[in-house]
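Those letters in the sequence shown? Residues 6 to 556, by my numbering.
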Amino acid sequence: FDISPLQKLRSQYTPKIPVALNGAWRLCTADVPTPDAEAKAIAMMFPHTSGMPRVYLRNSETETSRQEKPLNVGILLSGGQAPGGHNVISGLFDGLKSLHPDSRLYGFLMGPDGLINHKYIELTEALIAPYRNAGGFDMIGSGRTKLEKKEQFDAALLILKHLDISALVIVGGDDSNTNAAILAEYYRSINAGVQIIGCPKTIDGDLKGREIECSFGFDTATKLYAELIGNVQRDCVSAKKYWHFIKLMGRTASHITLECALKCQPNIAIISEDVKAKDWRIADLVEYIAEVIAKRAERGLMYGIALIPEGILEFLPSFRRLIDELNDYLSRPESDHIKRLARLERTAFVAEHLKPENASLLLSLPQYVALQLLEDRDPHGNVQVSKIETEVLLVELVKERLSQMAAAGRYQGKFAALTHFFGYEGRCSFPSNFDADYCYSLGRTAVALISEGLTGYMATVSNTTHPADHCVAGGVPFTRLMHLERRAGLAKPVIRKSLVDLQGAPFAYFADHRSRWESEDCYVYPGPLVFYGPREICDEPTLTLRLEIDG
Ligand code: FBP
């Protein structure tokens, strides 16, 4: 009874992979585009790892992909969990063993910390077997330490050399892969003899663009949230008595909320990027929600579903200014004093040190929200949006607005609201077939890039709306994913975080339909993640991908 029947069965699932990874491959290169001014500036900062071509793997009848000598490779998982991480590891392991049976794979424990502090395990078939196609990152753990300083790179090199590791695979989001790019450049510049390959991970779905179709984990997490939302919708329409305000994880970008809206067709879905484009203040947001509630109440519908992205507050200009000033103030040593104050005294104390406009917003917030803004910070001092109860705050503000509307004779309905937060429960689910296949393919692709001697590349698998064997494995130089961002007054090269594109097909579809979804009940019930059965249920990619790629 120690292993669930599903885990037992799933461990036997054979992920589907691009045809080139099934046998021998040959490496094809695409032309390097002429750099624009920004790319030239980035190239100056990455002299050893820029100007490299995008590469693709094609299957080859003539070449052999076996290695004469075994390869030792290391892997670390960085940042938040995302379904499929274990499959990147198993793909990497199987790929290495198929190149040479004596190849070895080492897993650094708890993310970058394991690399810097030399904590690792050798990953063997016996160890990996129970984790095949299973969720979580618990085989080796993950962490949020930033790998960005020369001392850390040098400490890492000691253990890499000790274990005779010639390549390190870093599985992470935009920040972790930005640091992977810096590490690749540094190791190249000192001829360290260690290649760096990245893999695109995050349920948030914000590591994507022209060169990367999606980050892994987004498919599973959104399927899981959509199942839950669908179930709440059915409960809602059965009882017809509650408004459900559901906050969804996803940090800054609203990709998760948009995908769940496309899948479930709720009455309201707030897309932060849209709110920003409209230059809404919090009062506008509350007004919009209250108007939808009133519109439905006029038709006798005193219930509904509202999806709220967890990053919404950061997109409201006044909150953005407050958060920026708080980030700055709380990073100063003198702010340490607040830890010695009673919790209820903290807000007033901090307000005294802020600009009047920011102070008055902070003081106007319910105490629990103000404290969440002050206390729940990540290791880099930033607000942890997943910890702020935005859904509760919005319910309170909407309730207040509806009473004002009722007093003015503009609203006669009842408003009973329930709040939910769907976040952590989506990050470690058994990966969907899509993520299981995608991640295993990424692991196998990483091995191919390593054996071709490449460094400073992110492994990619594209054509993902097609059956897995038609997908194309390849790699894109990190520097091709970068742009310059002003941070602390300096132009810093970082991998671009992709927000919801308001001109893109997924948002356009949502915008075309939202007014009908607001007033009518158009709920769709996606049902649970299904692993066995017809392809259109089991292997279905996200609607975001379908609309983006197939139109
Ligand atoms: P990554 O970007 O590292 O993949 O993390 C995603 C995420 O799940 C966000 O959606 C969420 O805001 C955050 O992690 C929560 O962080 P933590 O796990 O540290 O509480």
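For every residue, glycine included, the Cβ atom is placed at its ideal position computed from N, Cα and C.
Bear in mind that the values here come from a model prediction, so they are computed numbers and not experimental data.
Would you list the one or two residues that DSSP bridges to residue i?
i: tyrosine 125; result: Phe113
i: methionine 487; result: Ile500
i: serine 108; result: In the DSSP output, where bridge partners are listed per residue, serine 108 has none listed.
i: serine 194; result: DSSP output for serine 194 lists no bridge partner at all.
i: lysine 206; result: Phe221
i: glycine 79; result: Tyr111, Leu173
i: serine 147; result: Leu82
i: arginine 239; result: Paired residues: none, contrary to the question.
i: threonine 465; result: Gly479
i: glycine 414; result: Bridge partners of glycine 414: none, in fact.
i: tyrosine 537; result: Paired residue(s): none; tyrosine 537 is not in a bridge.
i: glycine 309; result: Trp248
Alpha carbon to alpha carbon, how far is residue j from residue i? Give it in angstroms, no decimals.
i: phenylalanine 439; j: threonine 547; result: 9 Å
i: glycine 448; j: serine 83; result: 15 Å
i: proline 436; j: serine 323; result: 39 Å
i: leucine 368; j: alanine 353; result: 7 Å
i: lysine 155; j: leucine 335; result: 26 Å
i: lysine 497; j: isoleucine 187; result: 12 Å
i: arginine 501; j: glycine 178; result: 10 Å
i: valine 242; j: glycine 305; result: 13 Å
i: arginine 540; j: histidine 475; result: 15 Å
i: lysine 228; j: alanine 413; result: 42 Å
i: proline 117; j: threonine 183; result: 14 Å
i: serine 259; j: glutamate 396; result: 15 Å
i: leucine 504; j: leucine 81; result: 26 Å
i: phenylalanine 51; j: threonine 484; result: 8 Å
i: glutamate 68; j: glycine 428; result: 46 Å
i: leucine 263; j: threonine 549; result: 8 Å
i: cysteine 33; j: valine 60; result: 6 Å
i: lysine 206; j: phenylalanine 221; result: 5 Å
i: serine 340; j: arginine 325; result: 20 Å
i: valine 535; j: isoleucine 542; result: 7 Å
i: cysteine 444; j: isoleucine 393; result: 31 Å
i: isoleucine 133; j: isoleucine 310; result: 41 Å
i: isoleucine 121; j: glycine 148; result: 12 Å
Just to confirm, does residue i get its C-beta within under 6 Å of one of the non-hydrogen atoms of the ligand FBP?
i: serine 434; result: no
i: threonine 225; result: no
i: threonine 150; result: no
i: glycine 255; result: yes
i: histidine 178; result: The sequence as given places glycine at residue 178; histidine does not occur at that position. Yes, the beta carbon of glycine 178 sits closer than 6 Å to at least one heavy atom of the ligand FBP.
i: serine 277; result: no
i: aspartate 440; result: no
i: threonine 207; result: yes
i: serine 391; result: yes
i: glycine 85; result: yes
Please state whether the Cβ-Cβ distance between residue i and residue j is less than 7 Å.
i: leucine 165; j: valine 199; result: yes
i: alanine 226; j: isoleucine 251; result: no
i: isoleucine 234; j: cysteine 269; result: yes
i: asparagine 272; j: leucine 327; result: no
i: valine 374; j: glutamate 523; result: no
i: glycine 140; j: cysteine 433; result: yes
i: tyrosine 230; j: glycine 532; result: no
i: valine 37; j: asparagine 64; result: no
i: isoleucine 287; j: leucine 253; result: no
i: leucine 62; j: alanine 478; result: yes
i: valine 291; j: valine 466; result: no
i: glutamate 315; j: serine 391; result: yes
i: glycine 203; j: methionine 487; result: no
i: leucine 399; j: alanine 295; result: no
i: isoleucine 126; j: threonine 460; result: no
i: proline 482; j: methionine 49; result: no
i: isoleucine 170; j: glycine 79; result: yes
i: leucine 552; j: tyrosine 514; result: yes
i: threonine 54; j: arginine 215; result: no
i: serine 108; j: leucine 101; result: yes
i: isoleucine 343; j: arginine 337; result: no
i: threonine 470; j: aspartate 555; result: yes
i: isoleucine 22; j: serine 446; result: yes
i: leucine 3; j: phenylalanine 98; result: Residue 3 lies beyond the residue range present for the chain, which begins at 6 and ends at 556; the question has no answer from this structure.
i: aspartate 442; j: alanine 411; result: no
i: proline 423; j: tyrosine 247; result: Before going on, a small fix: residue 423 reads as leucine here, not proline. Result yes, Cβ atoms of leucine 423 and tyrosine 247 sit closer than 7 Å.
i: alanine 197; j: leucine 162; result: yes
i: glutamine 72; j: histidine 123; result: no
i: leucine 489; j: glutamate 43; result: yes
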